[in-house]
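Visitor: Protein chains in written order, with the working numbering: chain C, 1 to 217; chain D, 218 to 542. Positions of the beta carbon are idealized from the N, C-alpha and C atoms, including for glycine. Below you will find the structure I want to go over with you.
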Amino acid sequence: MIIQYKKKRGWLGTVFLVEILKGMGLTLRRMLSRSVTRQYPEERPEIRIGFRGQHALARDPVTGGSRCVACMRCAVVCPSRCIHIEYKKDEQTGVREVQSYAIEALRCIYCGYCEEVCPVNAVILTEVYEYAAYKRDAFYFDEEQLLKNWDRFIEESRYDPTKYVNPFWRPRGIDERTLAGPRRRSVPDDWKMENQWVGTGMTKSRKTGARCDVGGH
Amino acid sequence: MVIEILLTILLIVVVFSVIMLHVAYATYFERKVIGHMQVRMGPMRVGPHGLLQPIADGIKLFFKEDVFPETADKPTFYAAPIICLVAALTSIAVIPFWEGMAISDINIGLLFILAMSSLAGWGVVLAGWASNSKYAFLGGLRASAQIISYEIAMGLSIVGVMMMAGSLNMSEIVKAQAQSPFGIYAIPQVLGFFVFLVAMLAETNRTPFDMPECESELVAGYCTEYAGFRFALFFLGEYVGMIVMASVGTICFLGGWTGPFEVPFFPIIWFMLKVYFLIFFFYWVRATLPRYRYDQIMALGWKVLIPLALGNVILTGIMKTFVWH
């Protein structure tokens, strides 16, 4: 390891307080530069794709309810154990039916594992970040509230609910074959860049190291 | 006679209100300057660009509960902030804002200001002692040691100016300065000006010498136990002290009300600009330098500034006797 020691200052530098003057020059330059403050309620932050905000259950346009199939993957993967699902199993067919789905938002750490692991793209962390309330109960999101959260998100963000894809629903950098569930929505083409594994057919181009355009393969 | 007294009182009221307005907006100016130096914006919410912030602060402080520590020494506790503010405000009386415009143009103006700034230190010491709290007590002790040390350096740094001007009267100093070859004493008295600037920071308990109230060690130092408007009195005293010190620096070293050209109808303009610059200097230093350690402050005061100021006195004497006479 090379240690870069500070150069010793000469007696002239000490007498004329060169270091203090340098520091004062720096503060003066900073004063004349633009401040980085964002005046929050008026100026809002730019939300990037992949922002993890308020929880929601995507509303299925066909059934009008959630797409959850009660596979329990999200509840199992959740590091803070804040997802509670109850389901009933049909004795003959073995099909599960969701009885209740609830997320304790105050325990959530917004890691996004639940939406990555969901095979049917049901649970999602939306881009909504303003949801303060006066009571703690308001952050216990039951199924109805989670669906309402989705409606609010779609309304505020003006996404087309039939085309909206969350990046975590088909996480980049993970081989399609290792993902669970066949019913994930496909991502737009402009996400399939920079030699990332998105969708199928990525392994070959990754081996050769070439820049790939997945759409053609 | 009666009319004269009434006129003086009127003048005092006018000066007092102007100074108080300046103090209020000095806090705003400080927060803005330091904010921008830290690439922030400072107060922005109350009024356009936070312009009403000082008024909001004043109202808040005025309506806060007046908490009184049970074990405190009551009369001293009540007297301390008043001593602080009164001592600082009294100094304003001898400062000439423009030619012939001073509430009281006395012959020992500089001595009077030095005496009053020592009295303000007395208020701080009393506040620390009367609060019966260890933080306030330590703050008071530090204040007394610091003010004694830097009072000497400050007094000696001004001696050079007194020798060159041949007077202690503030107006006479400015007039003598205007006739000197450079127009300001900051150039021939550069050593004295440097010592004065450092001692000025220490005397008003500003960063990097804010040992009496350093919040990282002593909570708030001598005013820890004070609340509401009594705290505000200390605050006012500190800012009035800053304005006084900036005025003394302006008058002794930067040429007072004289400027490159005369401004009709508004003779105070040069004085104001110079004082504002020095106040900006206070904030600039505060935004740049970290707080000194206590023994470093003492070492700087006794080992560097006082010998420097003494050397400056001797040098000025030699120059005045053999070169400038």
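Assuming D:Gly518 and D:Tyr367 are in contact, meaning their beta carbons sit under 8 Å apart, how far apart are those beta carbons, in whole angstroms?
Guide: Numbered from its first residue, the second sequence carries residue 518 of chain D at position 301. Numbered from its first residue, the second sequence carries residue 367 of chain D at position 150. Contact holds; Cβ gap of about 6 Å.
Visitor: Mind checking whether D:Phe488 and D:Thr505 have CB atoms under 9 Å apart?
Guide: Position 271 of the second sequence, counted from the first residue, corresponds to residue 488 of chain D. Position 288 of the second sequence, counted from the first residue, corresponds to residue 505 of chain D. It is not a contact, given that the beta carbons lie outside the stated cut-off.
Visitor: Distance, Cα to Cα, C:Tyr134 vs D:Lys491?
Guide: By 1-based counting over the first sequence, the position of residue 134 of chain C is 134. By 1-based counting over the second sequence, the position of residue 491 of chain D is 274. Roughly 52 Å separates the two Cα atoms.
Visitor: When you compare the CB positions of C:Glu97 and C:Tyr110, do they come within less than 9 Å of one another, or not?
Guide: Stepping through the first sequence from its first residue, residue 97 of chain C is reached at position 97. Stepping through the first sequence from its first residue, residue 110 of chain C is reached at position 110. Not a contact, by the Cβ cut-off of 9 Å.
Visitor: Just verifying my parser: in three-state terms, what is the DSSP assignment at C:Lys88?
Guide: In the first sequence, the residue the question calls residue 88 of chain C occupies position 88. The answer is strand: DSSP assigns C:Lys88 an E or B state.
Visitor: Got a sec? Which residues, its chain only, sit under 7 Å from C:Ile103 by beta carbon, not counting five neighbours each side?
Guide: Position 103 of the first sequence, counted from the start, is the residue given in the question as residue 103 of chain C. For C:Ile103, where only same-chain residues beyond five positions count, the Cβ hits under 7 Å are His55, Cys82, Ile83, Phe141 and Leu146.
Visitor: Count the other CB atoms, across all protein chains shown, that sit within 10 Å of the CB of D:Ala304; report buried if there are 16 or more and exposed otherwise.
Guide: Position 87 of the second sequence holds residue 304 of chain D. With 16 or more other Cβ atoms inside 10 Å of its own Cβ, D:Ala304 counts as buried.
Visitor: Nearest-angstrom Cα distance between C:Val117 and C:Arg73?
Guide: To locate residue 117 of chain C, count along the first sequence from 1; it is residue 117. To locate residue 73 of chain C, count along the first sequence from 1; it is residue 73. C:Val117 and C:Arg73: Cα-Cα distance of roughly 6 Å.
Visitor: What separation, rounded to the nearest whole angstrom, lies between the Cα atoms of D:Ala332 and D:Ala344?
Guide: Numbered from its first residue, the second sequence carries residue 332 of chain D at position 115. Numbered from its first residue, the second sequence carries residue 344 of chain D at position 127. Spanning the two alpha carbons is a distance of roughly 19 Å.
Visitor: Does the pairing of the stretch 306-316 of chain D with the stretch 376-391 of chain D give three or more beta-carbon distances under 8 Å?
Guide: yes
Visitor: When the Cα atoms are used, what is the spatial distance from D:Val342 to D:Tyr443?
Guide: As a first step, residue 342 of chain D must be located in the second sequence, where it is residue number 125. As a first step, residue 443 of chain D must be located in the second sequence, where it is residue number 226. Each residue's Cα considered, the two are about 14 Å apart.
Visitor: Report the three-state DSSP secondary structure of C:Tyr5 (helix, strand or coil).
Guide: Reading the first sequence from its first residue, position 5 is the one you call residue 5 of chain C. C:Tyr5: coil per DSSP, three-state reduction.
Visitor: If you run the structure through DSSP and keep just helix, strand and coil, what is C:Ser66?
Guide: For the purposes of this step, residue 66 of chain C is taken as the residue at position 66 of the first sequence. Three-state result, C:Ser66: strand.
Visitor: Would you decide whether D:Phe499 is buried or exposed? Buried here means 16 or more other CB atoms lie within 10 Å of its CB.
Guide: Within the second sequence, numbered from 1, the residue matching residue 499 of chain D stands at position 282. Around the C-beta of D:Phe499, 16 or more other C-beta atoms lie within 10 Å, and the residue is accordingly described as buried.
Visitor: Which residues in chain C sit within 8 Å of D:Val250, going by Cβ to Cβ distance?
Guide: By 1-based counting over the second sequence, the position of residue 250 of chain D is 33. Within 8 Å Cβ-Cβ: Met31.
Visitor: DSSP three-state call for C:Val123: helix, strand or coil?
Guide: Here residue 123 of chain C corresponds to residue number 123 of the first sequence, with the count starting at 1. If DSSP states are grouped into helix, strand and coil, C:Val123 belongs with the strands.
Visitor: Name the residue from C:Ser100, C:Glu115 and C:Lys6 whose alpha carbon lies nearest to the alpha carbon of C:Gly53.
Guide: Taking the first sequence and counting its residues from 1, one reaches residue 53 of chain C at position 53. Of C:Ser100, C:Glu115 and C:Lys6, the residue nearest in Cα terms is C:Glu115.
Visitor: For D:Ala437, go through chain C and note every residue whose CB falls closer than 9 Å to its CB, in chain order.
Guide: Walking along the second sequence from the start, residue 437 of chain D turns up at place 220. Those within 9 Å of D:Ala437 in chain C number zero; the least Cβ separation is about 25 Å.
Visitor: Could you compute how far the alpha carbon of C:Ser205 sits from the alpha carbon of C:Arg185?
Guide: Position 205 of the first sequence, counting from 1, holds the residue named residue 205 of chain C. Position 185 of the first sequence, counting from 1, holds the residue named residue 185 of chain C. Confidence at C:Ser205 is low in this model, with a pLDDT of 44, below 50, so its placement is unreliable and the value that follows should be read with caution. Each residue's Cα considered, the two are about 22 Å apart.
Visitor: Which residues in chain C have a C-beta closer than 7 Å to the C-beta of D:Ala416? List them in chain order.
Guide: Walking along the second sequence from the start, residue 416 of chain D turns up at place 199. Chain C residues near D:Ala416: none, gap ~15 Å exceeds 7 Å.
Visitor: Between D:Phe483, D:Ile276, D:Tyr439 and D:Gln363, which lies nearest to D:Trp315 when the distance is taken from Cα to Cα?
Guide: Position 98 of the second sequence, counted from the start, is the residue given in the question as residue 315 of chain D. Closest by alpha carbon: D:Phe483.
Visitor: In the DSSP assignment, find the alpha helix (DSSP H) that holds C:Leu57 and state where it starts and stops.
Guide: As a working note, residue 57 of chain C is residue 57 in the first sequence. Element bounds for C:Leu57: not the alpha helix (DSSP H) but the beta strand (DSSP E), His55 to Leu57.
Visitor: Does C:Trp169 come out as helix, strand or coil in the three-state DSSP assignment?
Guide: Against the first sequence, residue 169 of chain C aligns to sequence position 169. C:Trp169: helix per DSSP, three-state reduction.
Visitor: Got a sec? Which residues, its chain only, sit under 8 Å from C:Leu17 by beta carbon, not counting five neighbours each side?
Guide: Residue numbering aside, residue 17 of chain C sits at position 17 when the first sequence is read from its first letter. Cβ neighbours of C:Leu17 beyond the five flanking positions: none.
Visitor: Quick one: is D:Leu224 buried, meaning 16 or more other Cβ sit within 10 Å of its Cβ, or exposed?
Guide: The count along the second sequence starts at 1 and reaches residue 224 of chain D at position 7. That one is exposed.
Visitor: Of the residues that make up the stretch 506-524 of chain D, which ones have a beta carbon closer than 8 Å to any beta carbon in chain C?
Guide: Leu506
Visitor: Name the chain B residues whose beta carbon is nearer than 9 Å to that of C:Val15?
Guide: Checking the listed chains, one finds no chain B in this structure; the protein chains it contains are C and D.
Visitor: What are the partner residues of C:Ser100, as DSSP defines its beta bridges?
Guide: What you label residue 100 of chain C is simply residue 100 of the first sequence in a count that begins at 1. Beta-bridge pairing links C:Ser100 to C:Glu86.
Visitor: Can you have a look at D:Gly164 and say buried or exposed, based on whether 16 or more other CB atoms are within 10 angstroms of its CB?
Guide: The requested residue 164 of chain D does not occur in the structure, where chain D is confined to residues 218 to 542.
Visitor: Please list, in chain order, the chain C residues whose beta carbon lies closer than 8 Å to that of D:His266.
Guide: Residue mapping note: residue 266 of chain D aligns to position 49 of the second sequence, counting from 1. Chain C residues near D:His266: none, gap ~11 Å exceeds 8 Å.
Visitor: Looking at the structure shown, is C:Phe141 part of a helix, part of a strand, or coil, going by DSSP?
Guide: Position 141 of the first sequence, counted from the first residue, corresponds to residue 141 of chain C. It is a strand residue.
Visitor: Please state the DSSP three-state secondary structure of D:Met261.
Guide: Sequence index remark: in the second sequence, residue 261 of chain D carries index 44 (1-based). In this structure, D:Met261 counts as coil in the three-state DSSP scheme.
Visitor: So, using beta-carbon positions, are C:Cys68 and C:Ala122 closer together than 9 Å?
Guide: For the purposes of this step, residue 68 of chain C is identified with residue 68 of the first sequence, where counting begins at 1. For the purposes of this step, residue 122 of chain C is identified with residue 122 of the first sequence, where counting begins at 1. Yes, the Cβ-Cβ distance between C:Cys68 and C:Ala122 is below 9 Å.
Visitor: Can you look up D:Trp315 in the DSSP assignment and give me helix, strand or coil?
Guide: Taking the first residue of the second sequence as position 1, residue 315 of chain D is located at position 98. Looking at D:Trp315 - three-state DSSP - the assignment turns out to be strand.
Visitor: Between which residues of its own chain and C:Leu239 is the CB-CB distance below 6 Å, once the five residues before and five after are set aside?
Guide: The displayed coordinates of chain C run from 1 to 217. Any statement about residue 239 of chain C would go beyond what the structure contains.
Visitor: D:Leu302 and D:Ile523 look like a contact to me (Cβ under 8 Å); what is the Cβ gap, rounded to whole Å?
Guide: Here residue 302 of chain D refers to the residue found at position 85 when the second sequence is read from its first residue. Here residue 523 of chain D refers to the residue found at position 306 when the second sequence is read from its first residue. Actually they do not touch by this definition, with Cβ atoms about 29 Å apart.
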